[in-house]
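K.L.:
Sharing a structure here in structure tokens format.
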Amino acid sequence: MKTDIQIAQEAKMKPITEVAESIGLRSEEVEQHGNTKAKISLKVWDRVKDNPDGKLVLVTAINPTPAGEGKSTTTVGLGQALSKLDKNAMIALREPSLGPCMGVKGGACGGGYAQVVPMEDINLHFTGDLHAITTAHNLLAAMLDNHIHRGNDLNIDPRRIVLKRVMDMNERALRNTVIGLGGRAQGVPREDGFDITVASEVMAILCLAKDITDLKDRLGKIIVAYTYDKQPVTAKQLKANGAMALLLKEAIKPNLVQTLENTPAFIHGGPFANIAHGCNSVTATKLGLKLSDYLVTEAGFGADLGAEKFFDIKCRFADLKPDAVVLVATIRALKMHGGVEKTQLAEENLEALSDGITNLEKQIENIKKFGTPLVVAVNKFPTDTDKEVDYVIKKCEEMGVEVSLSDVWAKGSEGGLDLAQKVVDTIEKKPSKFKVLYDENKSIKEKIEAIAKEIYGADGVEFTSAAKSNIKQLEKLDLDKMPICMAKTQYSLSDNPKLLGRPEGFNITVREIKVSAGAGFLVALTGDVMTMPGLPKLPAAAKMDIDEKGTISGLF
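If you're matching positions, the sequence shown starts at 1 in UniProt numbering and goes up one per residue.
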């Protein structure tokens, strides 16, 4: 079998103008970045806003493991399979971050014969959106420190600055820094640090903003610090939001590319799902719904993180009503949730599968809480045995859920035709009764407890003294009536990454609550989740190269 990058490099791509034309876009609405990528003008919305919406399909998964689940691969393969069924289909994905690309994952464009292309460009800089977000964020940080250096008219307490700087790379050495050293001319010394760009509130705002006006307004609401009398200071008070929006004027436009089989794909925005809300942009999703009959999108990591935030944050803000959910699982990953080591996954083990399938069962229960019909996609691996496949299918049928064996990695659209047909049939037979999990006007504790108990299966929630203090301050400032964005490990339903399967008898510990006033949600930090990841012992970058002909290798 060829590697992902070899398959991608052999792809027969259509000119992006042809892809755009196939979904009804006009030449003046397409801003080309070379022959295979394009930005789409926001003016398109005024022309198509009265079109009927297509069907919205969310792809999510069980809790991820090192064995792999294939959520992006399934998203791409399902989009291709729907096209193969003569459906007017599109997909919408997040943009990859260079941090995990160079660190662990090595890419985020799907895999095998279910990829978006050009995968090298998409993984490496793409159309520059993440760089624009990085620059806009760091402009705000620079203006904040300059304001303090130039007299501090806003009475900012340097000990209560909450805005860090960002960069789109995994760099643990920059988590905690000291700036302003070197004398009076260098500014005011203080503690600082870096987050990864995809954890920036600017990224979340870009993905939730409806248009440039909404973007500028949201940017202005970012709280950067507090005064000596504990009042919030915003980007608008620093007069930074106009310039920030200017820097993002191109980044807010959705990016159009295609799959290996030329299905149109929007790839736009990329907040992490374990430390942010994990969904592609509202602009791309809503535009895709107006340009297609079926829009397939995904949410990051497992359904306990990505899907919950898709439903409770993105759908709430954008007034979206998903028509179906595809829940991806692999037998390999289920066996890991049952206690099998990665080196032994090729061996048939029905006992471990029985123990690990509880994770899938819990995620199915979670999706049902939102009133959205679902189909389970068992992403096929060569090591899966007939008995193991039959066991998973039988379990899904016992729970009254449609299930399909998907082989899009090896066969592209042909391997996803059964899945695509079941998604279509499910949408036609079972109208969605979508609802959010909680009322955003409830107290912060009530909202967090609803997620922890209903979605994670926790017995309760413990709030540290710091978190309790945060809650009091947010209530005092009338900043408590917002949805919750949980920052939690992706590997477990709990806040302990070692508790696999379906853990019971645990509490969730909330150690801090931050406000993202511009994005419009509160971030509850649990466990040891880092907003600046680090590189592994052998980074993926160590295996990447480019030869004298410009051919890239090692990017998978």
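The beta-carbon is built from N, C-alpha and C at its ideal position, and this holds for glycine as well.
Once the 5 residues before and after N155 are set aside, which same chain residues still bring their CB inside 7 Å of it?
P.N.:
So the qualifying residues of the chain are T227, Y228.
K.L.:
Can you say whether K380 is buried or exposed, counting buried as having 16 or more other CB atoms within 10 angstroms of its CB?
P.N.:
Counting Cβ neighbours within 10 Å, K380 comes out buried, since at least 16 surround it.
K.L.:
Beta-carbon separation of M167 and T197 under 8 Å?
P.N.:
Yes, the Cβ-Cβ distance between M167 and T197 is below 8 Å.
K.L.:
According to the neighbour-count rule (16 or more other Cβ atoms, all chains shown, within 10 Å of its Cβ), is K362 buried or exposed?
P.N.:
Its Cβ being crowded by 16 or more others within 10 Å, K362 is buried.
K.L.:
In the DSSP assignment, find the unbroken alpha helix (DSSP H) run with C109 in it and report its ends.
P.N.:
Note, C109: premise wrong, no alpha helix (DSSP H); not H, not E.
K.L.:
Return the first residue and the last residue of the beta strand (DSSP E) that M13 is part of.
P.N.:
Careful: M13 lies outside any beta strand (DSSP E) and carries neither H nor E.
K.L.:
What alpha helix (DSSP H) runs, 4 residues minimum, are completely inside the region 176-242?
P.N.:
For the region 176-242, whole alpha helix (DSSP H) runs of length 4 or above, ordered along the chain, are 201-208, 212-220.
K.L.:
Let's see if you can read the secondary structure: which residues bound the alpha helix (DSSP H) around S406?
P.N.:
It is not in any alpha helix (DSSP H) - S406 instead sits in the beta strand (DSSP E) that spans 402-406.
K.L.:
Just list the beta strand (DSSP E) runs in the region 442-500, keeping only unbroken ones of 3 residues or longer that don't cross its boundaries, in chain order.
P.N.:
DSSP runs (the beta strand (DSSP E)) wholly in the region 442-500: 460-463, 484-487.
K.L.:
Check for me: the alpha helix (DSSP H) holding R150 runs from which residue to which?
P.N.:
Here R150 belongs to no alpha helix (DSSP H), and DSSP marks it neither H nor E.
K.L.:
Here's a check: name, in chain order, each residue in its chain whose Cβ is nearer than 6 Å to the Cβ of T531, leaving out the five neighbours to either side.
P.N.:
Around T531: D195, A199, I275.
K.L.:
To the nearest angstrom, report how far apart D547 and I7 are at their CA atoms.
P.N.:
Spanning the two alpha carbons is a distance of roughly 18 Å.
K.L.:
Assign I161 to one of three DSSP states: helix, strand, or coil.
P.N.:
In this structure, I161 counts as strand in the three-state DSSP scheme.
K.L.:
Let me know if R26 comes out buried or exposed under the rule of 16 or more other beta-carbons within 10 Å of its beta-carbon.
P.N.:
Label assigned to R26: exposed.
K.L.:
Short check: CB of V19 to CB of N262, under 8 Å?
P.N.:
In contact: V19 and N262 (Cβ atoms closer than 8 Å).
K.L.:
How long is the line joining the alpha carbons of P66 and T343, rounded to whole angstroms?
P.N.:
The alpha-carbon atoms of P66 and T343 are separated by roughly 11 Å.
K.L.:
Which two residues bound the contiguous alpha helix (DSSP H) that contains R502?
P.N.:
No alpha helix (DSSP H) contains R502, which DSSP labels as neither H nor E.
K.L.:
CA-CA distance, M203 and G518?
P.N.:
The straight-line gap from Cα to Cα measures roughly 11 Å.
K.L.:
Is it true that the region 408-425 meets the region 108-117, where meeting means three or more beta-carbon pairs spaced less than 8 Å apart?
P.N.:
Segments in contact, yes.
K.L.:
Distance, Cα to Cα, T36 vs A132?
P.N.:
Each residue's alpha carbon lies about 21 Å from the other.
K.L.:
Provide the residue span of the beta strand (DSSP E) that contains V44, from first to last.
P.N.:
Looking at the DSSP string, V44 is not in any beta strand (DSSP E); the run it does join, the alpha helix (DSSP H), is 44-48.
K.L.:
I think L144 touches A81, with their Cβ atoms under 8 Å apart; what is that distance to the nearest whole Å?
P.N.:
That pair is no contact at about 49 Å.
K.L.:
Would you mind stating whether Q490 and N88 have Cβ atoms separated by less than 8 Å?
P.N.:
No. Outside cutoff.
K.L.:
Who are the near neighbours of S83 in its chain, counting only those whose CB is closer than 6 Å to its CB and skipping five residues on each side?
P.N.:
Here the set comprises A89, T263.
K.L.:
By DSSP, does D390 sit in helix, in strand, or in coil?
P.N.:
In the structure shown, D390 sits in a helix (DSSP, three-state: H, G or I).
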